[in-house]
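When you read off a place in the sequence shown, starting at 1, and then add 4, the result is the number in the working numbering. Beta carbons are placed, not taken as given, at the ideal position from N, Cα and C, and that holds for glycine.
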Amino acid sequence: MYVIGERINGMFTDAKEAIRQKDAKVIQDLAKRQMEAGASALDVNVGPAVPDAKDAMLWLVETIRAVTDAPLAIDTAKWDVMSAVIPKVPGEKILNSTKADPETAQQYVALAAQNGAGLIGLTLDADGVPGNAEKRVELGAQLITIALEGGLEMDKLFIDPVILPVNVAPKNPGHCMEAISQLRAFADPPPHLVLGLSNVSQLCNNRGLINRTYLAMAMAHGLDAAILDPMDTELMNTGITAGLLQEKMIYCDSYLEAARYGKKG
Ligand code: THG
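Structure follows, in structure tokens:
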């Protein structure tokens, strides 16, 4: 499981305050703790309420880069922020994210390809989040085609079928799993399939339990990457155990430690 740590995001109170005050230590702590907990990459999102999103994103990138060379997923819906920041990120990076409309997706694919970056493509367009699996598959297939035409390899493309909270969109988790199965079979080699896992439980009780259960179910359908909180040990243990049961690793009594050690080594 390719884990993209979600905690450096202005949606969280601690990160929001740190971004506002330019408190490097809080951000660097979040970066180090997520990597130690087994993250493969870090999401970087300034949140909704900053006066200058470009400036805040560049500060975050520089601050995080002082403590880790992990791939950074630059999480913004604004093209002007994405196109200004991406060329200035040293090392590995992922654009998070593009929508699937052809003109938009072509622009993002070109920016990713020029910068040797990965790209997360959302299966939504001007009509918003699809209300069924079929439309998600159609838009995912469109993203795959545009990526291949633009010279982006499948191991650099992450398709995100867009999960919504289960309390407001009860059919959504099922639609995403169906789309994941079909999109995994659509291209050979397949793209990565990713979700912003915590969305599924927003404003619900039993958040941890919902996140863990859905992670295992989505992995059984072919999810191989997730934006989540790697410091949630039970969630990480669920992901590692689901991987074990899919023969991603061979069982030994200390498989949880072995999986963590493998990440660091
Ligand atoms: N797909 C892609 N990128 C994404 C998402 C996605 N990036 C953002 C988001 N969705 C994934 N990250 C989060 C981060 C936090 C929460 C959910 C998803 C979250 N935050 C608490 C809340 O809103 O209740 C904040 C609580 C606090 O303040 O401590 O749930 O889907 N490609």
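DSSP places I31 in the helix class (H, G or I) of the three-state scheme. DSSP lists L76 as the beta-bridge partner residues of K97. For the 8 Å CB-CB criterion, A114 and G154 form a contact. Look at the stretch 100-136 and you find these whole runs of alpha helix (DSSP H), each 4 residues long or longer: 106-118. No Cβ-Cβ contact shorter than 8 Å links I163 with N203.
Remark: three or more beta-carbon pairs, one from each stretch, lie closer than 8 Å, so the stretch 221-238 and the stretch 184-202 are flagged as touching. Inclusion of S202 in the 7 Å shell around ligand 1 follows from its C-beta lying nearer than that to a non-hydrogen atom of the ligand.
The DSSP-derived three-state label of F16 is coil.
When C-beta atoms of the stretch 257-265 are compared with those of the stretch 25-37, fewer than three pairs fall below 8 Å, so the two segments do not count as touching. The beta-carbon separation of L147 and A183, rounded to 12 Å, does not stay under the 8 Å limit for a contact.
Linking I23 to D79 through their CA atoms gives a straight-line distance of about 15 Å. With a minimum length of 3 residues, the unbroken runs of beta strand (DSSP E) contained wholly in the stretch 131-188 fall at 161-164. Counting only the Cα atoms, D192 lies some 33 Å from V85. Judged by DSSP in its simplified three-state form, G9 adopts strand.
For N210, the secondary structure class from DSSP, reduced to helix, strand or coil, is coil. In this chain, D192 is not harboured by any beta strand (DSSP E), its DSSP state being neither H nor E.
Cβ neighbours of T237 within its own chain (closer than 8 Å, five residues either side excluded): A41. Here L199 is bridged, per DSSP, to A230. In the DSSP annotation of this structure, D236 is not part of any alpha helix (DSSP H), being labelled neither H nor E.
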